[in-house]
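Residue numbering for the sequence shown follows the numbering used here, beginning at 1 and increasing consecutively.
All remarks here apply to the structure that follows.
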Amino acid sequence: MSAPVSPALQQQRRGFWLRTLHQWHWISSAVCLIGMLLFAITGITLNHAAKIEASPEVTHLTATLPAPVVAMLGDRQEGNAPLPAAVGDWLEQELSISIGQRPAEWSDMELYLSMPGPGTDAWLSIDRETGAVEYERTRRGWISYFNDLHKGRNAGPAWGWFLDIFAMACLVFCITGLFLLYLHGRQRRMTWPMVGLGLLVPLLIALLFIH
1 MSAPVSPALQ QQRRGFWLRT LHQWHWISSA VCLIGMLLFA ITGITLNHAA KIEASPEVTH
61 LTATLPAPVV AMLGDRQEGN APLPAAVGDW LEQELSISIG QRPAEWSDME LYLSMPGPGT
121 DAWLSIDRET GAVEYERTRR GWISYFNDLH KGRNAGPAWG WFLDIFAMAC LVFCITGLFL
181 LYLHGRQRRM TWPMVGLGLL VPLLIALLFI H
């Protein structure tokens with residue numbers, strides 16, 4: 001039969017866990033702070049998106065590729081593939097359009113490139129015979145931009161990695177907070193009723209009002 005743990009040792013262990021949890025809690029809260037503010041605000045704007053008026057800004061450009069650049073489109077018939085580097089360079093220099101390595105849809109007569117982004121929809125069309133270029137971009141404003149960041153819509157892989165890291169930091173923040181509540185719960189009688197309320201309210205709303 002093991003010997004009982006002395007009160008001094010129990011207090012030492014409790015102090016160790018309190019220090020460790022507080023350290024991880026404040027570090028994760030510091031990492032999450034700006035992101036949580038962003039997601040809280042955009043959660044409100046998303047919830048009331050239909051009531052927020054926006055004035056889309058549409059940009060429409062036309063141009064014609066020079067014959068040497070048209071020739072670089074080659075003989076590809078169909079499929080999806082990036083545009084040749086020379087075509088991308090010309091578009092960036094002449095029209096300030098950056099296409100990167102996005103795959104375009106190739107057909108016998110046309111190249112079509114969809115270029116959506118946060119708060120933005122854009123497309124580019126190139127006539128393979130004449131070299132005629134048509135480009136259109138629609139910007140829906142800053143609120144739409146941040147709403148799309150909230151959803152991770154068309155924001156690219158780097159933003160996707162940020163969302164994953166941010167979510168893990170939030171998990172650390174919440175889990176360490178839960179353990180801190182457990183350690184302090186004896187001195188604060190309303191701790192677990194408040195935690196239960198935080199679970200009960202959304203559960204009842206989901207069961208009673210969402211069909």
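Every residue, glycine too, gets a C-beta built ideally from N, C-alpha and C.
Asked, Found
"CB of Leu91 within 9 angstroms of CB of Leu124, strictly", "yes"
"When Trp26, Trp17, Gln12 are compared against Val172, the one with the closest alpha-carbon", "Trp26"
"Which of helix, strand or coil DSSP assigns to His150", "helix"
"Spatially closest choice to Gly43 from Trp192, Arg188, His150, by CA coordinates", "His150"
"Cβ pair Ala81, Val69 closer than 9 angstroms", "no"
"Contact set for Ala104: own chain, Cβ-Cβ below 6 angstroms, skip 5 residues either direction", "Leu83, Leu111, Leu113"
"Beta-carbon proximity list for Asn154, same chain, < 7 angstroms, skipping 5 on both sides", "Pro116, Gly117, Pro118, Asp148"
"Local conformation of Ala155 per DSSP, three classes", "coil"
"Opening and closing residue of the beta strand (DSSP E) in which Thr138 lies", "132–139"
"Same chain, Cβ closer than 6 angstroms to Leu61, five either side skipped, listed in chain order", "Leu95, Tyr135"
"Distance, Arg188 Cα to Ala49 Cα", "40 angstroms"
"Limits of the beta strand (DSSP E) - the one that Gly79 falls within", "79–82"
"Outcome for Trp161 when other beta-carbon atoms lying within 10 angstroms are tallied against a minimum of 16", "exposed"
"Proximity of Cys170 and Ser55 at Cβ, strictly below 9 angstroms", "no"
"Nearest residue (CA-CA) to Val58, options Ile143, Ile165, Ala122", "Ala122"
"Range of the contiguous alpha helix (DSSP H) that encloses Pro89", "Note that residue 89 is Asp in the sequence shown here, rather than Pro. Start and end: 85–95."
"7 angstroms CB neighbourhood of Glu129 in its chain, flanking five on each side removed", "Met109"
"Integer Cβ distance of Leu65 from Ile143, believed to fall under 8 angstroms", "With a Cβ gap of about 36 angstroms, Leu65 and Ile143 do not count as contacting."
"CB of Leu21 within 9 angstroms of CB of Phe179, strictly", "yes"
"Residue-chain proximity (Gly117, chain D), Cβ-Cβ < 9 angstroms", "Considering every chain present, this structure includes no chain D. It has just one protein chain."
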